[in-house]
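Q: The structure's right below; bear with me while I get my questions together.
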Amino acid sequence: MFRFNPQTLKKLRRFRQIKRGYYSFLFLLVLLVVLAFGELLVNSRALLVSYQGEYFLPTYTAFHPGTDFGLNYSYEVNYRELKKLFAEQRSGNWVLMPIVPYNPYENNSNGGLFKPNPPSLENQHYLGTDTTSRDILSRLFYGTRIALVFSIVFTVWVYLIGISVGCAMGYFGGVFDLIFQRIIEIWSNIPFLYMVIIVFSVIPASLAIPSRIGILLFIMVLFSWTGMTYNMRTETYKEKSRDYIAAARIIGASDTRIIFRHILPNVLATLVTLMPFIVVSAISAITALDFLGFGLPPPTPSLGELLKQGTATLRTAPWIVASAFSALVVLLTVVTFIGEAIRESFDPKKFTVYR
Amino acid sequence: MALIFSKHYRLKGLLSTAALLILTACGGEDANAPLSEDVIDNTEEVQAYYAANSGFFAFKTIEDLPDDLSWQSGEGMPEMGSPNAKKGGTEYRALQDFPRTLRTLGPDSNGGFRSEIWDDVAMRLAFRHQDEFDLVPGLAREWALGSDGRTTYLRLDPEARFSDGEPVTADDYFFMFWFYRSPYITAPWYNNYYSTMYTNITRYDDLTFSITTTSGKPDADSKVLELVPIAEHFYKEVGPDFVERYQWRVAPTTGAYLVESSSIKKGRSIALNRVKDWWAKDKKHYRYRYNTDRIQFTVIRDTEKIFEAFRRGDLDQSSLNLAEYWYEKLPNDNADVQAGYIHKSVFYNQRPRPNIGLWMNTSRHLLDNKDVRLGIHYATNWQLVIDQFFRGDYTRLKTAEDGFGEFSHPTLVARQYNVEKALEHFAKAGFTERGADGILVNGSGERLAFTVSTGYQTMKDVLTILKEEAAKAGVDFRVEMLDGTAGWKKVQEKQHEIHLAGFGAFLEMYPRFWEHFASVNAYDVAFLDDGSVNPQRKLKTQTNNLEVYASAEMDELINRYRASEDKTQMTELAHKMQELHHQSGSYVPGFYQGFFRVGHWRWVKYPEFFTHKHANGAGQLYVHWIDSDLKKATLQARKEGETFEPAIRVYDQWKN
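Taken in sequence, the protein lines are chains U and V.
Per my numbering, the very first residue in the first sequence carries number 31; after that it's consecutive.
Per my numbering, the very first residue in the second sequence carries number 89; after that it's consecutive.
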């Protein structure tokens with residue numbers, strides 16, 4: 031059975047005591063779970079359709095053409111209309127829709143013009159619609175999901191590369207360290223934004239959207255891992271010269287064992303405290319790129335794209351910028367609170383002036 | 089330089105450092121100044137060029153002028169502009185980008201500011217009357233078409249002057265050909281056009297000359313009459329360093345407005361001044377136009393900020409073409425509109441329409457199948473975009489050549505969105521089953537998906553709407569947004585699958601087909617000698633044949649059309665070609681805007697008919713004027729809360 035060491039347990043207890051960070055953490059966890067099963071809450075596909083005594087669960091299955099439910103078209107059923115139709119027919123068929131019955135791509139103006147419509151309970155556009163009458167809540171929801179997943183994957187990769195390289199530099203030192211430091215110095219001077227713009231201009235749009243997002247992620251990781259190495263290098267240097275490492279070496283421990291069993295656990299504090307801030311920077315970066323039009327390919331829902339629309343329609347449709355801005359603020363604040371709390375709980379000095 | 093030297097000379101004590109300083113100082117000076125130092129005079133080079141190309145540049149005497157010419161001078165045409173126009177005042181406008189250069193050709197010259205100093209302002213030999221389409225005199229007092237149908241004889245107006253007082257003479261037109269054909273200008277389009285479209289220029293005396301075009305089209309005269317002289321005396325320093333040397337020089341103009349050199353604040357603002365004693369200021373068609381004394385441009389990069397500046401009164405006018413602006417950002421019930429401070433005007437014009445639509449690259453896999461193309465036609469819901477996104481303001485294009493009068497096809501219409509028909513056509517092409525996401529797949533599991541790219545950022549929403557609708561018909565549009573240059577490059581390299589774009593249409597008599605549909609613009613050798621398709625043909629890039637359209641039948645029609653000198657025959661051929669193009673289904677006609685609309689402060693006045701039939705925009709013909717007294721009065725009234733009658737005007741006299 032895996033057991034935390036008492037030190038770590040103490041830190042975790044301390045983290046729980048910092049209410050602001052702890053509740054933020056719980057909030058984020060719940061948000062992640064909700065987002066993971068988002069299709070059940072925000073979707074144009076019905077949760078459950080009862081048609082002629084048969085039950086359909088269309089959420090995660092292949093699409094159902096209109097003909098499946100006695101309609102005369104072969105493209106995907108419009109479940110909202112189907113619901114109305116069944117209600118009118120009173121033939122015992124029924125449709126159960128999610129709370130927000132819109133997907134982030136469809137233009138739905140309820141027969142009117144494609145323009146920003148203010149929030150309305152009646153239309154179930156709870157945060158209104160954007161400039162082409164797409165549901166804002168739905169776009170915000172899936173935009174946040176993409177941003178969060180994106181930033182988490184980003185963080186994992188930056189950590190993997192940053193830790194391996196940084197640790198190796200610190201541990202082996204000497205020429206290896208010297209050369210790698212120079213390489214990193216050069217590498218980190220390449221302007222990241224321009225690289226993204228250049229690389230993105232040559233990626234063919236024929237690639238599927240997920241793979242284009244993947245490429246964007248790859249480029250961002252490629253130019254972001256260097257910052258991590260500095261911390262790791264110094265930490266490793268510091269730990270390496272401690273007595274317990276020397277002791278381990280004398281006993282005959284291998285390099286791998288020293289790095290993984292002794293050094294890494296001891297620099298964990300630095301790594302963990304940095305993590306939320308990297309997440310924050312990733313979210314900001316992807317939002318900024320979208321805002322500038324170099325981020326996720328359209329029509330992918332994204333916070334940056336909503337912000338851009340919002341700033342262009344400040345006077346006429348303030349609800350767009352209000353929703354996007356609030357969502358971003360909440361997200362970044364929550365992650366920052368968690369980061370603060372982790373930093374504090376991992377701080378060996380309980381009473382510090384930096385509180 | 090001398091000054092720097094003497095200054096440091098006195099500080100002999102600081103020897104080495106000072107010497108170094110002087111060196112660097114001199115180096116700096118040298119880098120900036122050498123251009124003006126080595127004097128270039130290309131007179132000899134130009135004369136040698138004339139002599140070497142004596143077939144093109146001919147010198148004759150006035151006695152050689154044919155005497156059977158029937159001279160025309162565009163008389164009897166109603167005058168353009170309004171006699172009520174007041175001269176004076178300053179107009180405030182915005183530029184999104186500071187001009188990268190004041191040259192009108194060569195690198196970076198093709199920006200928006202060029203039309204302010206060249207296209208809309210420079211005087212041509214003659215102009216199309218903007219209501220009647222016939223020609224009215226400009227720099228030429230009279231002109232005559234020679235018996236060969238290709239040569240136009242011209243008599244310049246003896247009063248025609250450049251803004252620096254130099255008279256406009258035949259020499260400026262001779263020089264123009266040298267200039268446009270010169271490699272120094274690094275403008276290949278000009279090099280090519282002026283080498284191939286014209287075959288001769290002949291000088292009879294200072295003010296009399298003739299120019300011959302390559303073919304005798306019904307509008308051969310306008311190909312000549314639209315030419316703008318190049319001031320020989322100003323461009324005599326044109327040489328290998330033309331691009332840098334003339335980067336910021338203010339060229340003398342024959343037109344009404346000249347850049348005010350002292351007003352150039354790079355990156356911030358620039359101003360145009362009405363030329364003092366402009367030679368055409370009392371001439372018919374010009375005396376009531378170009379009314380404001382000064383036009384002040386300020387750089388405001390953000391579209392929204394430009395609009396806000398207009399709302400504040402810092403700018404005099406603002407385009408309200410986009411539905412969003414007309415209906416929401418400045419609605420009719422807006423306080424300033426209701427108080428009569430800001431007027432709103434819509435003007436319906438008539439002119440060739442830019443052919444915005446989807447251009448399919450028929451050399452690509454799947455798109456080479458006509459059924460796939462026709463399916464895409466029926467799967468593209470332009471009408472929905474027009475009705476619900478553009479709020480019914482715009483109109484569906486019928487063909488790629490709308491607005492050319494009788495040259496446009498009288499009955500053809502674009503195919504309407506129809507899911508059943510789309511599915512039928514896709515089924516014929518082998519796409520019968522829908523995949524799990526509703527997109528059609530064929531027997532070998534291939535998805536029916538295409539990249540739809542565009543270089544117009546404003547078309548992003550349009551494409552996402554089209555994408556959603558196309559998905560219903562089982563075809564997936566992958567939207568690719570590019571910036572303007574990248575988008576243009578992509579289609580020029582023929583790297584696109586489907587591209588949303590439109591070619592700007594000039595006010596011309598008849599549409600162009602060769603550029604878009606000739607097989608020489610599609611492949612190097614499209615067909616073999618026996619007429620069959622060349623299996624080894626290679627794509628030709630850098631042409632405007634965006635569909636890679638190659639058909640022997642079309643080629644034959646194009647050649648007849650290009651050779652034809654008879655208007656009725658040309659019309660027939662044009663219709664036939666449009667039918668052929670329609671049948672091939674490789675272009676989905678989009679929409680056009682049959683009007684323009686502006687918001688303008690009360691002190692910006694327009695003629696009672698607003699502007700002329702063929703105008704492209706409110707300011708293009710400079711028929712408006714600024715009433716400075718009214719401006720003062722309006723600002724005062726606004727301060728005191730006094731209101732006026734609101735003015736929302738619709739000018740639909742040319743609506744069709």
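Where a beta carbon is used, it is the ideal one built from N, C-alpha and C, also for glycine.
Please read all numbers here as calculations on a predicted model, not as lab measurements.
#1: Please report whether the beta-carbon of M569 (chain V) lies at a distance below 7 Å from any beta-carbon of chain U.
#2: Of all the CB atoms in chain U, is at least one closer than 7 Å to the CB of I553 (chain V)?
#3: Count Cβ pairs between the stretch 218-232 of chain U and the stretch 168-177 of chain U that sit closer than 8 Å; are there 3 or more?
#4: Taking only the alpha-carbon atoms, compute the straight-line gap between W367 (chain V) and V711 (chain V) and give it to the nearest angstrom.
#5: What whole-angstrom Cβ distance do S674 (chain V) and T450 (chain V) have, given they're in contact under 8 Å?
#6: For Y103 (chain U), return the contacting residues in chain V, with the cut-off set at a CB-CB distance below 8 Å.
#7: Grab me the residues of R479 (chain V)'s own chain with a C-beta within less than 8 Å of its C-beta, minus the 5 sequence neighbours each way, in chain order.
#8: Would you tell me roughly how many angstroms separate the C-alpha atoms of E179 (chain V) and R503 (chain V), rounded to the nearest one?
#9: Under DSSP, the alpha helix (DSSP H) around R373 (chain U) begins and ends at which residues?
#10: Using only the alpha-carbon positions, how far apart do Y135 (chain U) and G590 (chain V) sit?
#11: Leaving aside the five residues before and after E269 (chain U) along the sequence, list all residues of the same chain whose C-beta is less than 7 Å from its C-beta, in chain order.
#12: Three or more beta-carbon pairs under 8 Å between the stretch 313-322 of chain V and the stretch 258-265 of chain V, yes or no?
#13: Is the beta carbon of R522 (chain V) less than 7 Å from the beta carbon of G463 (chain V)?
#14: Quick one: what's got a C-beta closer than 6 Å to D309 (chain V)'s C-beta in the same chain, skipping five residues either side?
#15: Can you find the residues in the same chain that come closer than 6 Å, C-beta to C-beta, to H584 (chain V), ignoring five residues on each side of it along the sequence?
#16: Starting from I289 (chain V), follow its DSSP beta bridges and name the residues at the other end.
#17: Let me know the beta strand (DSSP E) ranges lying completely inside the stretch 321-378 of chain V, each 3 residues or longer, listed in chain order.
#18: Smallest Cα separation from S54 (chain U): which of U:L208, U:E111, U:A371?
#19: Please go through the stretch 64-147 of chain U and give each complete alpha helix (DSSP H) segment of 4 or more residues, from N-terminal end onward.
#20: Per DSSP, what kind of secondary structure is P276 (chain V) in: helix, strand or coil?
#21: Measure from the alpha carbon of W159 (chain V) to the alpha carbon of each residue in V:P166, V:A228, V:Y138, V:G200, then state which is nearest.
#22: Let me make sure I understand the geometry here. Which of V:M597, V:D370, V:K719 has the alpha-carbon closest to that of E247 (chain V)?
#23: Relative to the C-alpha of S170 (chain V), which residue among V:W602, V:F186, V:Y378 is closest?
#24: Answer with yes or no whether the minimum CB distance from T89 (chain U) to chain V is below 7 Å.
#25: Starting from T286 (chain U), find everything on chain V with Cβ-Cβ shorter than 9 Å and list it in chain order.
#26: Where do the ends of the alpha helix (DSSP H) carrying M665 (chain V) lie?
#27: Can you list, in chain order, the residues of its chain whose CB lies under 6 Å from that of G592 (chain V), leaving out five sequence neighbours each side?
#28: Anything in chain V within Cβ reach of R345 (chain U), meaning under 7 Å, just list it in chain order.
#29: Can you give me the C-alpha to C-alpha distance between G729 (chain V) and W713 (chain V), rounded to a whole angstrom?
#30: At which residues does the alpha helix (DSSP H) containing F615 (chain V) begin and terminate?
#31: Applying a beta-carbon distance threshold of less than 7 Å, which residues of chain U neighbour L511 (chain V)?
#32: What do you reckon, are the CB atoms on E350 (chain V) and T386 (chain V) nearer than 7 Å?
#33: Interface residues of chain U around F477 (chain V) at Cβ under 7 Å?
#34: For N153 (chain U), which residues in chain V fall below 9 Å Cβ to Cβ?
#35: Would you call the CB atoms of V434 (chain V) and F683 (chain V) closer than 7 Å?
#36: With a threshold of 7 Å on Cβ separation, who are the neighbours of R625 (chain V) within its own chain once the five nearest residues in sequence on each side are excluded?
A: By the coordinates alone:
#1: Taking the first residue of the second sequence as 1, we reach residue 569 (chain V) at position 481. Interface residue, yes.
#2: Looking up residue 553 (chain V) in the second sequence gives position 465. Chain U, which has a Cβ nearer than 7 Å to the Cβ of I553 (chain V), makes this yes.
#3: no
#4: Stepping through the second sequence from its first residue, residue 367 (chain V) is reached at position 279. Stepping through the second sequence from its first residue, residue 711 (chain V) is reached at position 623. Answer to the nearest angstrom: the Cα atoms are 18 Å apart.
#5: Here residue 674 (chain V) corresponds to residue number 586 of the second sequence, with the count starting at 1. Here residue 450 (chain V) corresponds to residue number 362 of the second sequence, with the count starting at 1. The pair is a contact, with the Cβ atoms about 5 Å apart (cut-off 8 Å).
#6: Position 73 of the first sequence holds residue 103 (chain U). What Y103 (chain U) touches in chain V: V507, K560.
#7: Residue numbering aside, residue 479 (chain V) sits at position 391 when the second sequence is read from its first letter. Here the set comprises A411, Y415.
#8: In the second sequence, the residue the question calls residue 179 (chain V) occupies position 91. In the second sequence, the residue the question calls residue 503 (chain V) occupies position 415. Answer to the nearest angstrom: the Cα atoms are 45 Å apart.
#9: As a working note, residue 373 (chain U) is residue 343 in the first sequence. Residues 348-375.
#10: Translated into positions along the first sequence, residue 135 (chain U) becomes position 105. Translated into positions along the second sequence, residue 590 (chain V) becomes position 502. In a straight line, the C-alpha of Y135 (chain U) is about 26 Å away from that of G590 (chain V).
#11: Here residue 269 (chain U) corresponds to residue number 239 of the first sequence, with the count starting at 1. In the same chain as E269 (chain U), and ignoring 5 residues on each side of it, the C-beta atoms closer than 7 Å to its own belong to I275, I293, N296, V297, in chain order.
#12: With a cut-off of 8 Å on Cβ pairs, the stretch 313-322 of chain V is in contact with the stretch 258-265 of chain V, counting three or more such pairs.
#13: In the second sequence, the residue the question calls residue 522 (chain V) occupies position 434. In the second sequence, the residue the question calls residue 463 (chain V) occupies position 375. The answer is no: Cβ separation not under 7 Å.
#14: By 1-based counting over the second sequence, the position of residue 309 (chain V) is 221. The answer, listed in chain order, is L233, T240.
#15: As a working note, residue 584 (chain V) is residue 496 in the second sequence. Only N449, S541, K578 meet the Cβ criterion.
#16: Position 201 of the second sequence holds residue 289 (chain V). The partner list for I289 (chain V) (beta bridge, DSSP) reads V:F145, V:I299.
#17: 345-347, 357-362
#18: Here the question's residue 54 (chain U) lines up with position 24 in the first sequence. That would be U:A371, whose Cα lies nearest to the Cα of S54 (chain U).
#19: 109-119
#20: Walking along the second sequence from the start, residue 276 (chain V) turns up at place 188. Residue state, collapsed to three classes: helix.
#21: Looking up residue 159 (chain V) in the second sequence gives position 71. Of V:P166, V:A228, V:Y138, V:G200, the residue nearest in Cα terms is V:A228.
#22: Translated into the one-based positions of the second sequence, residue 247 (chain V) becomes position 159. The shortest Cα separation from E247 (chain V) among V:M597, V:D370, V:K719 belongs to V:D370.
#23: Counted from its first residue, the second sequence places residue 170 (chain V) at position 82. Nearest neighbour of S170 (chain V) by Cα position, chosen from V:W602, V:F186, V:Y378, turns out to be V:Y378.
#24: Here residue 89 (chain U) refers to the residue found at position 59 when the first sequence is read from its first residue. So, not an interface residue.
#25: Within the first sequence, the letter at position 256 stands for residue 286 (chain U). By Cβ distance, chain V contributes nothing, its closest Cβ being about 46 Å from T286 (chain U), past 9 Å.
#26: Indexing the second sequence from 1 puts residue 665 (chain V) at position 577. Counting along the chain, the alpha helix (DSSP H) containing M665 (chain V) begins and ends at 655-672.
#27: The residue given as residue 592 (chain V) occupies position 504 in the second sequence. The residues P442, in chain order, have a CB closer than 6 Å to that of G592 (chain V) in the same chain once the five nearest residues on each side in sequence are set aside.
#28: Against the first sequence, residue 345 (chain U) aligns to sequence position 315. Within chain V, the residues near R345 (chain U) are K417.
#29: For the purposes of this step, residue 729 (chain V) is taken as residue 641 along the second sequence, with counting starting at 1. For the purposes of this step, residue 713 (chain V) is taken as residue 625 along the second sequence, with counting starting at 1. Computed Cα separation, rounded: 25 Å.
#30: To locate residue 615 (chain V), count along the second sequence from 1; it is residue 527. Here F615 (chain V) belongs to no alpha helix (DSSP H), and DSSP marks it neither H nor E.
#31: To locate residue 511 (chain V), count along the second sequence from 1; it is residue 423. In chain order: S104.
#32: As a position in the second sequence, residue 350 (chain V) is number 262, starting the count at 1. As a position in the second sequence, residue 386 (chain V) is number 298, starting the count at 1. Residue 350 (chain V) is actually Ser in this sequence, not Glu. In this structure, T386 (chain V) does not lie closer than 7 Å to S350 (chain V) by Cβ.
#33: Looking up residue 477 (chain V) in the second sequence gives position 389. Those within 7 Å of F477 (chain V) in chain U are F144, T162.
#34: The sequence position of residue 153 (chain U) within the first sequence is 123, counting from 1. Ordered by position in chain V, no residue passes the 9 Å Cβ test against N153 (chain U), which lies about 16 Å from the chain.
#35: Your numbering for residue 434 (chain V) matches position 346 in the second sequence. Your numbering for residue 683 (chain V) matches position 595 in the second sequence. For V434 (chain V) and F683 (chain V), yes; Cβs fall inside 7 Å.
#36: Here residue 625 (chain V) refers to the residue found at position 537 of the second sequence. Only Y611, D612, V613, A614 meet the Cβ criterion.
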